[in-house]
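S.K.: Structure below; questions to follow.
There are 2 protein chains.
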Amino acid sequence: MRTHELVLGWIEKQFSDGKLLLGGRLPAERALAEQLQVSRTSVREAIRILEAMGVVRAGVGSGKDAGTVVIAEPATALGAALRLHAATRHLPVADIVETRVLLESWAVSRARPESPALAEAAVLLDEMDAGPGTEEFLALDVRFHLALAAAAGNVVVSAMMASLREAIEGYAAELTKNLPDWDATAGRLRAEHRAILDAVNTGDGGRAARLVAAHIEGYYREAGLPASE
Amino acid sequence: MRTHELVLGWIEKQFSDGKLLLGGRLPAERALAEQLQVSRTSVREAIRILEAMGVVRAGVGSGKDAGTVVIAEPATALGAALRLHAATRHLPVADIVETRVLLESWAVSRARPESPALAEAAVLLDEMDAGPGTEEFLALDVRFHLALAAAAGNVVVSAMMASLREAIEGYAAELTKNLPDWDATAGRLRAEHRAILDAVNTGDGGRAARLVAAHIEGYYREAGLPASE
DNA sequence: CTAATCCATGTGGTCGGACCACATCAAGTA
DNA sequence: TACTTGATGTGGTCCGACCACATGGATTAG
Chain V
110 MRTHELVLGW
120 IEKQFSDGKL
130 LLGGRLPAER
140 ALAEQLQVSR
150 TSVREAIRIL
160 EAMGVVRAGV
170 GSGKDAGTVV
180 IAEPATALGA
190 ALRLHAATRH
200 LPVADIVETR
210 VLLESWAVSR
220 ARPESPALAE
230 AAVLLDEMDA
240 GPGTEEFLAL
250 DVRFHLALAA
260 AAGNVVVSAM
270 MASLREAIEG
280 YAAELTKNLP
290 DWDATAGRLR
300 AEHRAILDAV
310 NTGDGGRAAR
320 LVAAHIEGYY
330 REAGLPASE
Chain Z
110 MRTHELVLGW
120 IEKQFSDGKL
130 LLGGRLPAER
140 ALAEQLQVSR
150 TSVREAIRIL
160 EAMGVVRAGV
170 GSGKDAGTVV
180 IAEPATALGA
190 ALRLHAATRH
200 LPVADIVETR
210 VLLESWAVSR
220 ARPESPALAE
230 AAVLLDEMDA
240 GPGTEEFLAL
250 DVRFHLALAA
260 AAGNVVVSAM
270 MASLREAIEG
280 YAAELTKNLP
290 DWDATAGRLR
300 AEHRAILDAV
310 NTGDGGRAAR
320 LVAAHIEGYY
330 REAGLPASE
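Heads up: the sequence lines are chains V and Z, in that order.
Here the first sequence is numbered in our numbering, starting from 110 and rising by one per residue.
Here the second sequence is numbered in our numbering, starting from 110 and rising by one per residue.
Below, the structure is given as structure tokens:
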């Protein structure tokens, strides 16, 4: 077993033993190296992996944001992984979109009308009505869909949705350029958003699921989603 | 921007430009360091991340399996990420199980009866009838469910399912110890497997989805899935 | 006494060099 | 011909050094 894997195992054990909590700090790299009797290099490689996994964040300097602190951002890891594999052309974009439809349909069908995330979603829709630019509109769109997903109360599904979105973010931005009339599309999207949110708020999960599936698939179809290879 | 991120970006660009294909090799660490005018340390940190993401595999020595070669194992990355976050108690096991039910139900409802993966699944069921030990039974069970998922033809869903399974693998193994009568449970699971595969083979996706959901939820309920915190 | 300045301290980030273990392959040898 | 041996190239590990940065206390100017 390689040395950095040993370090990784030690740190993971600290996690499962509850000795490292969210917001807590790992020992300093030099201290950890001495404690585990390994080189600082190996400690750093382990920390690099944890950082890529969205489990810790490394900060220089001293004080508040310094040191290596424990965070909880699973979407970071999933997003980076999907993005990399998409870059290698081994994850068909069509599969990613299909998975997004699957997860999001489920999420809205399970969303609880009393969830505070829905109130946030409503605010986002108002902002989208205020006539933002294309880029801003898309950013709000992402947040709206994530808020919808959050209302289902399953953090795994939320993280996966966020990561799918991140993985095809650049791709989606490219697609908007294929649209014949952005203003018309934006108007349609806004209306569909209202309908989806309304269905969720009235507790009609089935209708919300159908609407959101049509919403996503319709968008990619209009923008010219290429056939899978 | 940190140096290893620069290296990461360069390599990712090679991917998206199609200059690095599956089975291909990255330049040697020392060569890459010189080419990008960075230290070998930074190159190694970037490679460590790619390795954790399931994008490359590093091998020592020379010849066939040596060097850093490009692979495509997205499930590795997703699984490791979920496992780590589960260890930090920030991913409720209940959410993971729920997501597994969601993905697997969808997969079997979409499975194509003519898929070769189903034939493989049938073989696995025969092996499970041959009376393997508990550990072996569980290993076959994993492969059976993955084969079912593969029949849906969506690699993203397959990868996510595999990773969910990996994340709670140790946990599931613990659960079996809670079972009052393993032989009885194993017999029931085998019967349920047959019913699921039969539903898929006859093209009854709806029934297959209901069966698989009940199959998974029933197992965790029997084994005493703790309430989410 | 107050306020600004300066510096000691500790953190991660980067670098270059060295050595090791390993696997292969070619040259040399029995 | 068959075996041995060494050269070569790969990743794995370690060490020591220096840098940039942020803080906090000591020092100094007002």
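Just so you know, even glycine gets a beta-carbon here, dropped at the ideal spot from N, CA and C.
If I follow the unbroken beta strand (DSSP E) through Val179(V), where does it start and stop?
M.R.: 176-179
S.K.: Start and end of the beta strand (DSSP E) containing Ala259(Z)?
M.R.: Looking at the DSSP string, Ala259(Z) is not in any beta strand (DSSP E); the run it does join, the alpha helix (DSSP H), is 243-259.
S.K.: For Glu220(Z), tell me which candidate among Gly188(Z), Ala256(Z), Ser125(Z), Ala261(Z) has the shortest Cα-Cα distance.
M.R.: Per the sequence presented here, residue 220(Z) reads as Ala, with Glu not at that position. Measuring from the Cα of Ala220(Z), the nearest candidate turns out to be Ala261(Z).
S.K.: Just grab the DSSP bridge partners of Gly168(V) for me.
M.R.: Gly176(V)
S.K.: Measure the alpha-carbon distance for Asp290(V) versus Pro241(V) and round it to whole angstroms.
M.R.: 16 Å
S.K.: What does DSSP give as the partner residue(s) for Arg134(Z) in the beta ladder?
M.R.: Val178(Z)
S.K.: Compute the beta-carbon to beta-carbon distance between Val165(V) and Leu135(V), rounded to the nearest angstrom, for a pair I have assumed lies under 8 Å.
M.R.: 6 Å
S.K.: Please state whether DSSP places Asp235(V) in a helix, a strand or coil.
M.R.: helix
S.K.: Look at Ala271(Z) and Leu255(Z) and say whether their C-beta atoms are less than 8 Å apart.
M.R.: yes
S.K.: Between which two residues does the alpha helix (DSSP H) holding His194(V) run?
M.R.: 183-196
S.K.: Could you tell me the alpha carbon to alpha carbon distance between Val210(V) and Val321(Z), rounded to whole angstroms?
M.R.: 21 Å
S.K.: May I ask you to report which of helix, strand or coil DSSP gives Lys286(V)?
M.R.: coil
S.K.: With a cut-off of 8 Å, does the C-beta of Val266(Z) fall near any C-beta of chain V?
M.R.: yes
S.K.: Evaluate the contact criterion for the segment 116-123 of chain Z versus the segment 228-236 of chain V: three or more CB pairs, one atom per stretch, below 8 Å.
M.R.: Under the three-pair Cβ rule at 8 Å, the segment 116-123 of chain Z does not count as touching the segment 228-236 of chain V.
S.K.: For Ser337(V), which three-state DSSP category applies?
M.R.: Low confidence applies here, because Ser337(V) scores a pLDDT of 43, under 50, leaving its location unreliable; read the following figure in that light. DSSP places Ser337(V) in coil when its eight states are reduced to three.
S.K.: Mark Ala184(V) as exposed unless 16 or more other C-beta atoms lie within 10 angstroms of its C-beta, in which case mark it buried.
M.R.: Looking at its Cβ environment, which holds 16 or more other Cβ atoms inside 10 Å, Ala184(V) is buried.
S.K.: Buried or exposed, going by whether 16 or more other CB atoms sit within 10 Å of the CB of Val169(V)?
M.R.: With fewer than 16 Cβ atoms within 10 Å of its Cβ, Val169(V) is classed as exposed.
S.K.: Do we get a CB-CB distance below 8 Å when we pair Val164(Z) with the residues of chain V?
M.R.: yes
S.K.: So, does the CB of Ala137(V) fall closer than 8 Å to a CB anywhere in chain Z?
M.R.: no
S.K.: Counting pairs of beta carbons, one from the segment 326-334 of chain Z and one from the segment 191-207 of chain Z, are three or more of them closer than 8 Å?
M.R.: yes
S.K.: Count the other CB atoms, across all protein chains shown, that sit within 10 Å of the CB of Arg139(Z); report buried if there are 16 or more and exposed otherwise.
M.R.: exposed
S.K.: In this structure, how does DSSP classify Val116(Z) when only helix, strand and coil are distinguished?
M.R.: helix
S.K.: Given that a residue counts as buried once 16 or more other Cβ atoms are within 10 Å of its Cβ, and exposed if not, what is Ser171(Z)?
M.R.: For Ser171(Z), the number of other beta carbons within 10 angstroms of its own is below 16, and it is reported as exposed.
S.K.: Starting from the Cα of Ala195(Z), find the closest Cα among Arg198(V), Leu130(V), Ser148(V) and give me that residue.
M.R.: When each option's Cα is compared against that of Ala195(Z), the closest is Leu130(V).
S.K.: Over what stretch of residues does the alpha helix (DSSP H) that includes Arg303(V) continue unbroken?
M.R.: 291-310
S.K.: Should Glu338(V) go down as buried or exposed, given a rule of 16 or more other Cβ atoms within 10 Å for buried?
M.R.: Note on Glu338(V): pLDDT 38, under 50, position unreliable in the model; the coordinate value appears next. Glu338(V) should be labelled exposed.
S.K.: Would you tell me roughly how many angstroms separate the C-alpha atoms of Ile277(V) and Thr208(V), rounded to the nearest one?
M.R.: 12 Å
S.K.: Is the Cβ-Cβ distance between Ala216(Z) and Val266(Z) less than 8 Å?
M.R.: Result yes, Cβ atoms of Ala216(Z) and Val266(Z) sit closer than 8 Å.
S.K.: What's the gap between the Cα of Leu117(Z) and the Cα of Arg198(V)?
M.R.: 17 Å
S.K.: On the CB-based measure, 16 or more other CB atoms within 10 Å of its CB, does Met110(Z) come out buried or exposed?
M.R.: Label assigned to Met110(Z): exposed.
S.K.: Spell out whether any CB of chain Z is found under 8 Å from the CB atom of Asp174(V).
M.R.: no
S.K.: Is Gly296(Z) buried or exposed, if buried means 16 or more other CB atoms sit within 10 Å of its CB?
M.R.: Around the beta carbon of Gly296(Z), a 10 Å sphere encloses fewer than 16 other beta carbons of the protein chains shown; the residue is thus reported as exposed.
S.K.: Reducing DSSP to helix, strand and coil, say where Ile325(Z) ends up.
M.R.: helix
S.K.: Assuming contact is defined by CB atoms lying nearer than 8 Å, are Thr150(Z) and Thr311(V) in contact in what I supplied?
M.R.: no
S.K.: Compute the distance between the beta-carbons of Glu182(V) and Glu154(Z), then report whether it is under 8 Å.
M.R.: In this structure, Glu154(Z) does not lie closer than 8 Å to Glu182(V) by Cβ.
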